[in-house]
Amino acid sequence: RIVVASDHYTSTASRTHVAHPVPFAICGTGIEPIRGLPFSEANAAAGELEIDRGHLLMEYFLGRH
């Protein structure tokens with residue numbers, strides 16, 4: 002498995018960090034597509050999966066959810 006995520010969200014309008022969830026992508030064995038759309042910030046923002054804390058993303062990534 003592999004996960005790709007950034008450490009913070011940066012607004013292009015204000016050029017500063019903002020408190021929004023960051024988009025992420027996970028692929029590998031046992032990972033099923035949620036919506037089957039290409040990865041983009043817009044598709045990630047429109048998705049239903051939101052993980053509030055980084056350690057919970059790691060639990061999801063490891064399949065312990």
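Numbers in this note's numbering are just positions in the sequence shown, counted from 1, shifted up by 1. Glycine is no exception: its CB is placed at the ideal position from the N, C-alpha and C atoms. Keep in mind it's a predicted model, so treat the numbers as computed, not measured.
Partner residues in the beta bridge of Ile3, as assigned by DSSP, are Cys28.
Just so you know, the alpha carbons of Asn44 and His21 end up roughly 15 Å apart. Rounded to whole angstroms, the separation of the alpha carbons of Ser7 and Phe62 is 15 Å. Comparing alpha carbon positions, the residue from Phe25, Ser12, Leu38 closest to Leu58 is Phe25. If you ignore the 5 residues before and after Arg2, its C-beta comes within less than 6 Å of the C-beta of Gly29, all in its own chain and listed in chain order. Taking a contact as a CB-CB distance under 8 Å, the pair Arg36 and Gly48 counts as one, their CB atoms being some 6 Å apart.
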